[in-house]
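Step one of this worksheet: look at the structure below.
Protein chains: 2
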Amino acid sequence: MCELLGMSANVPTDIVFSFTGLMQRGGRTGPHRDGWGIGFYEGRGLRLFQDPRASSESEVAQLVQRYPIKSEVVIGHIRQANVGKVCLVNTHPFSRELWGRNWCFAHNGQLAGLEGSTTFYRPVGETDSEAAFCDLLNRVRRAFPEPVSVEMLLPVLVASCASYRKLGVFNCLLSDGDWLFSFCSTKLAHITRRAPFGPAQLKDADLKVDFQSETTPNDVVTVIATEPLTDNEQWSLYQPGEWRLWRRGECITHGKA
Amino acid sequence: MCELLGMSANVPTDIVFSFTGLMQRGGRTGPHRDGWGIGFYEGRGLRLFQDPRASSESEVAQLVQRYPIKSEVVIGHIRQANVGKVCLVNTHPFSRELWGRNWCFAHNGQLAGLEGSTTFYRPVGETDSEAAFCDLLNRVRRAFPEPVSVEMLLPVLVASCASYRKLGVFNCLLSDGDWLFSFCSTKLAHITRRAPFGPAQLKDADLKVDFQSETTPNDVVTVIATEPLTDNEQWSLYQPGEWRLWRRGECITHGKA
């Protein structure tokens, strides 16, 4: 199993606090020693940091923790390898360009016997996760050669995720830098922080932050994670089969496959 | 104008020394203040660091200088913006997946009136450089829907570069992680270091390195740059229209468009 981290916000927000919590699970408080990665959108641009080493020991992870990159959408992942050896090419998140936008994807779970299409996008590495991402983008591209709204797109995303879920465990995060789509097959949690902001205490590290002093009253910031990252706030758990579409911190639509 | 940096080596080699020289030109000894980026291949995996800020002031650039990432192929770039505003999405190098491999591209120059095809790959940002990269990949894909050897591919690469060159200045570096293709429209230099290795002195910073102590007798390392990076070694200059294909540090074929 792996751990996912997602963020959707209505103002560029740094994810240092949540990322610090997640990183502890990469070899210190969790068993996810086989690499980590995080993608930050800056407008349509995607800044990707990845390391096949354990996040709790990674020099690049330390940079990311020190360096408050502000972003409206973030997708992070720490990995415990099931399929594919531990190397850069098998490290999430994965990205591809579609319709002139950078799409970014991370997956938690395992799929058995996926026969992904390779018409357009092909995996570079050996993971079932990247194969599923390529297959999903191939389905989107086949259905819509030209750009459509995310509302039009949604049925293809949901149907694809539902089909992968039949092959095993498929919790995922997907974004094009504007919206953040999340699908829960077994385990995913979310929290939306907005005014009045309060303090938060990480579960996995001795770190507390008072969001009040770091935010303005109009900020809306949603964080999604495999398991709640703080122990003094109320996280909501996704139901199995539940999907949610986030944009600028708000859940704009949701449903169940 | 921008500055290019490329490396092809037969063993994983760090590029800290050359990168340090290049970074000085990003706002200190050179006028290239509008961002920088560098892509390191690790096998088929591509690790990309980019920053729209001047490289001489960038925190990420400092990390890359401290952190000796070993790679067999590297493509770096510092930018002085001509076309497209200064932001992440307009920062070289650009990358796309083709045939299940990560392709990486950086360009120095300016193209006027490029009408790039967008059949398959589309630019995310606004630069002529990314448009040319997408057009080039679209030509490759149209000519060869399935993978072919670089020898088969070469005529398409050379013909594409020759056509872009008609629109302005087109010095470029392109790689799929195995080979490194370089095309000179106006300015490009290369040096191949092999045993016996000697000392090298950067032109742009007070830094000297003795490659003897960092290498083994079988290492072959080629560095390509817009202008020579050291002042005590003999660099070779490309002729206008000259292209060279590098693999594992050696020039395996070259010609003139």
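Here the protein sequences line up with chains A and X, keeping their order.
Each step along the first sequence adds one to the number in UniProt numbering, with nothing skipped, and position 124 is 124.
Each step along the second sequence adds one to the number in UniProt numbering, with nothing skipped, and position 177 is 177.
Positions of the beta carbon are idealized from the N, C-alpha and C atoms, including for glycine.
Model, not experiment: these values are computed from the prediction.
Have a look at residue 269 of chain X and A:Ser175 and give me their C-alpha separation to the nearest angstrom.
Beyond the ends of chain X as shown, which are 1 and 257, falls residue 269 of chain X; an answer cannot be given.
Note down, in chain order, every chain A residue with its Cβ under 9 Å from the Cβ of X:Gly198.
Numbered from 1 along the second sequence, position 198 holds the residue referred to as residue 198 of chain X. Ordered by position in chain A, no residue passes the 9 Å Cβ test against X:Gly198, which lies about 30 Å from the chain.
Against chain A, with Cβ distances strictly below 8 Å, would X:Gly116 count as a contact?
Start at 1 with the first residue of the second sequence, and residue 116 of chain X comes out as number 116. X:Gly116 does not count as touching chain A.
Just reading off the alpha helix (DSSP H) that X:Tyr164 is part of, what are its end residues?
Your numbering for residue 164 of chain X matches position 164 in the second sequence. That run of the alpha helix (DSSP H) goes Val150 to Arg165.
Of all Cβ atoms in chain X, is any one closer than 8 Å to the Cβ of A:Val124?
By one-based count along the first sequence, residue 124 of chain A stands at place 124. Cβ-Cβ to chain X under 8 Å: yes for A:Val124.
If you reduce the DSSP assignment to three classes, tell me which class X:Asp206 lands in.
The sequence position of residue 206 of chain X within the second sequence is 206, counting from 1. Coil at X:Asp206, not helix or strand.
Counting only Cβ pairs nearer than 8 Å, list the residues of chain X close to A:Glu97.
As a first step, residue 97 of chain A is located in the first sequence; it is residue number 97 there, counting from the start. Those are Arg96, Tyr121, Arg122 and Val124, listed as they occur along chain X.
Starting from the beta carbon of X:Gln50, find every residue of chain A whose beta carbon is closer than 7 Å, and list them in chain order.
Locating residue 50 of chain X in the second sequence gives position 50, where the first residue counts as 1. By Cβ distance, chain A contributes Arg47.
Out of X:Glu115, X:Asn102, X:Asp51 and X:Asn218, point me to the one whose CA is closest to X:Thr91's CA.
For the purposes of this step, residue 91 of chain X is taken as the residue at position 91 of the second sequence. That would be X:Asp51, whose Cα lies nearest to the Cα of X:Thr91.
Whole-angstrom Cβ separation of X:Val124 and A:Glu146, contact assumed at under 8 Å?
Indexing the second sequence from 1 puts residue 124 of chain X at position 124. Indexing the first sequence from 1 puts residue 146 of chain A at position 146. About 16 Å; that fails the 8 Å criterion.
Indicate whether the contact test is met: 3 or more Cβ pairs, each with one atom in the stretch 200 to 216 of chain A and one in the stretch 127 to 134 of chain A, closer than 8 Å.
Taking 8 Å as the limit for Cβ pairs, the verdict is that the stretch 127 to 134 of chain A does not touch the stretch 200 to 216 of chain A.
May I ask which residues mark the beginning and end of the beta strand (DSSP E) holding X:Glu97?
Looking up residue 97 of chain X in the second sequence gives position 97. Phe94 to Leu98 is the extent of the beta strand (DSSP E) around X:Glu97.
Go through its chain and collect everything with a Cβ distance to A:Met7's Cβ below 6 Å, but skip five positions before and after it.
Against the first sequence, residue 7 of chain A aligns to sequence position 7. Counting only Cβ-Cβ distances below 6 Å, and skipping sequence neighbours, we find Ile15, Val74 and Val223.
When you compare only the Cα positions, how much space is there between A:Leu5 and A:Gly39?
The count along the first sequence starts at 1 and reaches residue 5 of chain A at position 5. The count along the first sequence starts at 1 and reaches residue 39 of chain A at position 39. Cα to Cα, A:Leu5 sits roughly 10 Å from A:Gly39.
Taking a contact to mean a Cβ-Cβ separation below 8 Å, would you say A:Trp243 touches A:Leu180 in this structure?
The residue labelled residue 243 of chain A in the question sits at position 243 within the first sequence. The residue labelled residue 180 of chain A in the question sits at position 180 within the first sequence. No.
Leaving out the 5 sequence neighbours to the left and right, which residues in its chain are closer than 7 Å to X:Glu42 when beta-carbon positions are compared?
Walking along the second sequence from the start, residue 42 of chain X turns up at place 42. Excluding positions up to five away in sequence, the list reads Ser71.
With A:Ala106 as the anchor, note down where its beta strand (DSSP E) starts and where it stops.
Sequence index remark: in the first sequence, residue 106 of chain A carries index 106 (1-based). That run of the beta strand (DSSP E) goes Arg101 to Asn108.
Counting C-beta neighbours from all protein chains within 10 Å, is the total for A:Pro93 16 or more, i.e. buried, or is it exposed?
By 1-based counting over the first sequence, the position of residue 93 of chain A is 93. Buried, because 16 or more other Cβ atoms sit within 10 Å of the Cβ of A:Pro93.
Can X:Arg194 and X:Val220 be called in contact, C-beta distance under 8 Å?
Position 194 of the second sequence, counting from 1, holds the residue named residue 194 of chain X. Position 220 of the second sequence, counting from 1, holds the residue named residue 220 of chain X. Yes; because the gap between Cβ atoms is below 8 Å, this pair is in contact.
Under 8 Å between the Cβ atoms of X:Gly21 and X:Ala205?
The count along the second sequence starts at 1 and reaches residue 21 of chain X at position 21. The count along the second sequence starts at 1 and reaches residue 205 of chain X at position 205. Contact flag set, yes.
X:Pro228 to X:Trp235, Cα distance in whole Å?
The count along the second sequence starts at 1 and reaches residue 228 of chain X at position 228. The count along the second sequence starts at 1 and reaches residue 235 of chain X at position 235. Those two C-alpha atoms are separated by around 6 Å.
Tell me the residue span of the alpha helix (DSSP H) that contains X:Cys134.
The residue given as residue 134 of chain X occupies position 134 in the second sequence. Note, X:Cys134: alpha helix (DSSP H), Asp128 to Ala143.
Which residues in chain X sit within 7 Å of A:Asn102, going by Cβ to Cβ distance?
Numbered from 1 along the first sequence, position 102 holds the residue referred to as residue 102 of chain A. Near A:Asn102 (Cβ distances below 7 Å), the residues of chain X are Val124.
Give me whichever residues DSSP pairs with A:Leu48 in a beta bridge.
The residue you call residue 48 of chain A lines up with position 48 of the first sequence. In the DSSP output, where bridge partners are listed per residue, A:Leu48 has A:Gly39.
Closest Cβ-Cβ distance between A:Cys184 and chain X: below 8 Å?
If you number the first sequence from 1, residue 184 of chain A lands on position 184. So, not an interface residue.
With 16 as the cutoff for other CB atoms within 10 Å, does A:Ser149 come out buried or exposed?
Within the first sequence, numbered from 1, the residue matching residue 149 of chain A stands at position 149. A:Ser149 comes out exposed.
Determine, using beta carbons only, whether A:Arg47 and A:Ile69 come nearer to each other than 8 Å.
Counted from its first residue, the first sequence places residue 47 of chain A at position 47. Counted from its first residue, the first sequence places residue 69 of chain A at position 69. A contact, by the Cβ cut-off of 8 Å.
Can you give me the start and stop residues for the beta strand (DSSP E) that A:Arg193 sits inside?
Numbered from its first residue, the first sequence carries residue 193 of chain A at position 193. A:Arg193 -> beta strand (DSSP E) spans Ala189 to Arg194.
Got a sec: is the Cβ-Cβ distance from A:Val209 to anything in chain X below 8 Å?
In the first sequence, the residue the question calls residue 209 of chain A occupies position 209. It does not; no Cβ of chain X falls within 8 Å.
Would A:Glu3 be called buried (16 or more neighbouring beta carbons within 10 Å of its own) or exposed?
The residue you call residue 3 of chain A lines up with position 3 of the first sequence. Flag for A:Glu3 reads buried.
Compare the Cα-Cα distances from X:Gly45 to each of A:Thr230, A:Asn171 and A:Gly37 and report the closest residue.
If you number the second sequence from 1, residue 45 of chain X lands on position 45. Checking every option, the nearest Cα to that of X:Gly45 belongs to A:Gly37.
Within 8 Å (strictly less), CB to CB, does X:Leu63 reach chain A?
In the second sequence, the residue the question calls residue 63 of chain X occupies position 63. Judged by the 8 Å Cβ criterion, X:Leu63 is in contact with chain A.
Taking the alpha carbon of A:Trp103 as the reference point, which residue from X:Asn232, X:Asn108, X:Phe197 and X:Ser95 has its own alpha carbon closest?
Within the first sequence, the letter at position 103 stands for residue 103 of chain A. Closest by alpha carbon: X:Ser95.
Can you tell which of A:Ala162, A:Ala54 and A:Glu115 has its C-alpha closest to the C-alpha of A:Cys184?
Along the first sequence, one-based indexing puts residue 184 of chain A at 184. Among A:Ala162, A:Ala54 and A:Glu115, the Cα nearest to that of A:Cys184 is on A:Ala162.
Please identify the residue among A:Thr13, A:Phe19, A:Asn10 and A:Pro12 whose C-alpha is closest to the C-alpha of A:Leu207.
In the first sequence, the residue the question calls residue 207 of chain A occupies position 207. Ranking A:Thr13, A:Phe19, A:Asn10 and A:Pro12 by Cα distance to A:Leu207 puts A:Phe19 first.
Roughly how many whole angstroms lie between the Cα atoms of X:Arg33 and X:Cys172?
In the second sequence, residue 33 of chain X corresponds to position 33, counting from 1. In the second sequence, residue 172 of chain X corresponds to position 172, counting from 1. Going by the C-alpha atoms only, they are around 19 Å apart.
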